[in-house]
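Asker:
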Amino acid sequence: MAKRQWKGGALLAPVPVALVTCADGEKQNVFTVAWTGIVCTSPPKTYISVRPTRYSYALIRQSGEFAVNLTTRQLVRAADYCGVHTGAKVNKLEKCGLAVEPASVIGCPVLADSPVTLECRVTEVLPLGSHDMFLADIVAVDVDEALLDSAGKLHLERAGLAAYAHGDYYELGRKLGGFGFAVARKKKRPAGGATRR
Ligand SMILES: Cc1cc2nc3c(=O)[nH]c(=O)nc-3n(C[C@H](O)[C@H](O)[C@H](O)COP(=O)(O)O)c2cc1C
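Under our numbering, the first residue of the sequence shown is numbered 513, with each subsequent residue one higher.
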C-alpha cells in the first residue's frame, strides 16, 4: 500500500454522531457531537469535546451534566440540523420535533426516540486547545425496551445506528464478526449436516 504522509489531523473514522442534550434548570438544548467515546469501563466513563463558543458549553459547565443520545437513521437529519444551528437562536428540540423525557438520574432531559442514552455527570474539564474535554461518569443508561429480547439481551444491531466518517453520515451495515470471532474455535460440522453461510 503506497501512502502519503499528511500533517497531524483529526481523521479518526468512523466515529459516533451523538445528539447531546443539556439543560441549566431553565433552558434545554441539544447539539451534535462527534468527538465522543468511552475512556474507561469500570467505572464507566465517557467524554465529549466541546468548543467553548457553543451555546451548550455554558449549560454543561453550569449543570455539570449532559446526556449522550445515540442516533439512528431516523435521527440523522436532526443530528445534522442540530450540528449547524445554535440553541442561542433557535429551539432545535421544537424545530426538529425531538420529543424529550426526564432522565432517570440526571437533571437534563433525554431524547425519547434515541435507542440508547448515556446519562453523564462531569468529573473534569480539560482545556485542550480548540475544544475542552468534559470527562464524565456514565451514571445511567436508558435502553429502548423494543431492542431487548426475552432474556434481556440488547440487540443494538436492530437500531439502525448512524456513524460519521470524514464528513458523511452512514448507517451501520453488514456484520463482519462477533467479539472474539478471530480466535473462536470452529464448531464441528455434524455428519451430513448442511453448512450455514
Ligand atoms: C457531524 C457533526 C459533529 C460535530 N461534532 C462536534 C463536536 O464533537 N464538538 C463540538 O464542539 N461541536 C461539534 N459539532 C458542531 C456543533 O454541533 C454545532 O456548532 C452546534 O451548532 C452547536 O450547538 P449549540 O450552539 O446549540 O450548542 C458537530 C457538528 C456536526 C454536524
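Quick reminder that beta carbons are idealized off the backbone N, C-alpha and C, glycines included.
Quantities reported herein were computed from a predicted structural model and do not represent experimental measurements.
Give me every residue whose Cβ sits closer than 7 angstroms to any heavy atom of ligand 1, in chain order.
Answerer: So the residues near ligand 1 by this Cβ test are V529, N541, F543, T544, V545, A546, W547, T548, I560, S561, V562, R563, R566, Y567, S568, Y569, A591, D592, C594, G595, V596, H597, T598, G599, A600, K604, H643 and Y676.
Asker: Based on Cα-Cα distance, which residue from A591, V612, E669 and Y682 lies nearest to G689?
Answerer: E669
Asker: Given this structure, state the Cα-to-Cα distance separating G576 from V637, to the nearest angstrom.
Answerer: A straight line joining the alpha-carbon of G576 with that of V637 spans about 10 angstroms.
Asker: Following the continuous beta strand (DSSP E) through A522, name the residue where it begins and the one where it ends.
Answerer: That residue, A522, is in no beta strand (DSSP E); it is neither H nor E in DSSP.
Asker: Do the region 576-589 and the region 629-636 touch if we need at least three Cβ pairs shorter than 8 angstroms?
Answerer: yes
Asker: Per DSSP, E631 forms a beta bridge with which residues?
Answerer: A579 and A652
Asker: Need the endpoints of the alpha helix (DSSP H) that L460 sits in, please.
Answerer: This structure cannot settle anything about residue 460, because the visible part of the chain is limited to 513 through 709.
Asker: Just mark S642 as buried or exposed, buried being the case when its beta carbon has 16 or more other beta carbons within 10 Å.
Answerer: Counting Cβ neighbours within 10 Å, S642 comes out exposed, since fewer than 16 surround it.
Asker: Using a Cβ distance threshold of 8 angstroms, determine whether the region 582-590 contacts the region 673-687, with at least three qualifying pairs required.
Answerer: yes
Asker: What's the C-alpha gap between A546 and A600?
Answerer: 20 angstroms
Asker: Mind checking which residues open and close the beta strand (DSSP E) that includes D661?
Answerer: Element bounds for D661: n/a, residue is neither H nor E.
Asker: If we call anything under 7 angstroms between Cβ atoms a contact, is A648 one with T558?
Answerer: yes
Asker: When you compare only the Cα positions, how much space is there between C608 and F543?
Answerer: Rounded to whole angstroms, the gap between the alpha carbons of C608 and F543 is 12 angstroms.
Asker: Using the C-alpha atoms, what's the distance from G520 back to G664?
Answerer: 43 angstroms
Asker: Since L571 and A590 are thought to touch, with beta carbons under 8 angstroms apart, how far apart are those beta carbons, to the nearest angstrom?
Answerer: Between A590 and L571 the Cβ distance is about 18 angstroms, and since that is not below 8 angstroms, they are no contact.
Asker: Does DSSP classify E741 as helix, strand or coil?
Answerer: Because the chain is modelled from 513 through 709, residue 741 falls outside the range shown and cannot be assessed.
Asker: By the three-class DSSP mapping on this structure, what secondary structure does Q586 have?
Answerer: coil
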